[in-house]
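In what follows, a structure is listed as structure tokens, so that the remarks can point back to it.
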Amino acid sequence: MGEVVTAERLEAGRSMRTRAVLVEAALGRLRTDGSFTAEQVAADAGVSVATIYNRFPGGRDGLLATAFDSALHRVAEAYSGPLTADHLLDHGLEVTMRTMVDRLAEVFTDEALVFRAALARLSESRAIRDTYRHHEAVARAANRRFIELGQAAGRIATGSPDEFADLLLVVGQGVNNPVLLGASNRDPLCARITAALVAVLSPETSR
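Numbering that gives the first Met the number 0 numbers the first residue of the sequence shown as 0 and each following residue consecutively.
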């Protein structure tokens, strides 16, 4: 029994490593070319095309969804760093919002072609839609928690936590815009976005 379990674990480990290599190969193609074929990724990863279909339900779309998931995790990390009660208390609302905007702009710039490829398939691929909706739900819940803690500490205006959470989500998604990301100097626009968020969320607003 122990030998069977060990063999199964070894196979599972190999499968996970192969998936990781394929995802990195797909991300490399997306970040460079904005697209990929199963044949290209298989060649880059040193495996057969059949391996992609074995490792990812949905084949190319399944691989694209997993690569998109990786990019969305980077977006989540950009959010999660500044949107904490500790960061808000230590640095204040304006710095917290500006840090969020700057980090999102950096990640969206790095992953622009990944997002473009995935969002182009959003209406056609359930796997990509499910990935997007999952991360959106997680972000909304995290935003709501941040708002509630900020309100409890008197650092965020009174109002609907759900509405404020959705505001952060919509503005955060809006940072992924070529007008901002392609600007030779994005600092003035990032400052305006920050000021708009502070104007709505500042406790001074509800006084």
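For every residue, glycine included, the Cβ atom is placed at its ideal position computed from N, Cα and C. Keep in mind the model is a prediction, meaning the values are calculated, not measured.
Query raised in the report: Which word fits G171, buried or exposed, when buried means at least 16 other C-beta atoms lie within 10 angstroms of its C-beta?
Result: Along the sequence shown, one-based indexing puts residue 171 at 172. With 16 or more other Cβ atoms within 10 Å, it is buried.
Query raised in the report: Does the pairing of the segment 130-137 with the segment 100-112 give three or more beta-carbon distances under 8 Å?
Result: no
Query raised in the report: So is S124 buried or exposed if we call it buried at 16+ other beta carbons inside 10 Å?
Result: Stepping through the sequence shown from its first residue, residue 124 is reached at position 125. Result: buried.
Query raised in the report: How would you call T292, buried or exposed, if buried means at least 16 neighbouring beta carbons within 10 angstroms?
Result: The chain is shown from 0 up to 206; residue 292 falls before or after that span and cannot be answered.
**Report entry** Alpha-carbon spacing of A152 relative to E38, whole angstroms
**Finding:** Position 153 of the sequence shown holds residue 152. Position 39 of the sequence shown holds residue 38. Roughly 54 Å between the two C-alpha positions.
**Report entry** V94: first and last residue of the uninterrupted alpha helix (DSSP H) it sits in
**Finding:** Numbered from 1 along the sequence shown, position 95 holds the residue referred to as residue 94. Start and end: 84-109.
Query raised in the report: Between the Cα of A141 and the Cα atoms of G91, E203, D161, L88, which residue gives the shortest distance?
Result: Here residue 141 refers to the residue found at position 142 when the sequence shown is read from its first residue. A141 has its Cα closest to that of D161, out of G91, E203, D161, L88.
Report task. List the endpoints of the continuous alpha helix (DSSP H) containing F67. Result -> Reading the sequence shown from its first residue, position 68 is the one you call residue 67. Segment 59-79, the alpha helix (DSSP H) holding F67.
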